[in-house]
Amino acid sequence: MTTTVNSLLPEYPIVEARYAGHVSKQDVDDAMAACAAVAMEQDTWSVLADCTDLVWTPTVTDLFELVKFLADMGVSDRFREAVVRPTDATAAASVGFWETAGVNRGLNIRTFHDRESAIAWLAS
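This is the structure we're talking about:
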């Protein structure tokens, strides 16, 4: 498993999280906490979640709890997350669930097939 969180580029006020391999609920919890810390520090709530190399995710129940937590943070009016879809079919289904669950909770989450499109949407 690999999870990294950082600011993307100076010209883009975007927080980036990269997920690769087998990612557990604890890994996602830790990445979300790191993203929130960077977002608060930089006062930006645009997030790029690059899941290109993701092959395993927490359960949909765990993902739903994370969506609820994010929705309850009180930043829904400023939060935007662009998710780059994984190439693994099972992980892609989980990412699709994440998008749907987030949108249903009032979060502006959208999936993309490549980083360039995801960054362009966040920067627009």
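Counting along the sequence shown from 1, when you hit position 46 you're at 134 in my numbering, and nothing is skipped either side. In this text, a Cβ means the ideal position worked out from N, Cα and C, and glycines have one as well.
- Relative to residue 134, the option among 103, 184, 164 and 173 whose CA is nearest is 103.
- In this structure residue 189 is not in contact with residue 163, their Cβ atoms being roughly 17 Å apart against a cut-off of 8 Å.
- Under DSSP, residue 200 forms a beta bridge with 172.
- Residue 136 has its alpha-carbon roughly 6 Å from the corresponding atom of residue 171.
- When only Cα atoms are considered, residue 178 and residue 185 end up about 11 Å apart.
- Taken in chain order, the unbroken stretches of alpha helix (DSSP H) that lie wholly in the region 130-175 and span 4 residues or more are 148-159.
- Excluding its 5 nearest sequence neighbours in each direction, residue 159 has C-beta neighbours in its own chain below 7 Å: 193, 194 and 195, listed in chain order.
- Considering only 146, 95 and 131, the residue with the shortest C-alpha distance to residue 115 is 146.
- Contact between residue 168 and residue 139 does not hold, since the beta-carbon distance rounds to 16 Å and is not under 8 Å.
- Look at residue 212 here: in three-state DSSP terms it is coil, with no helix or strand label.
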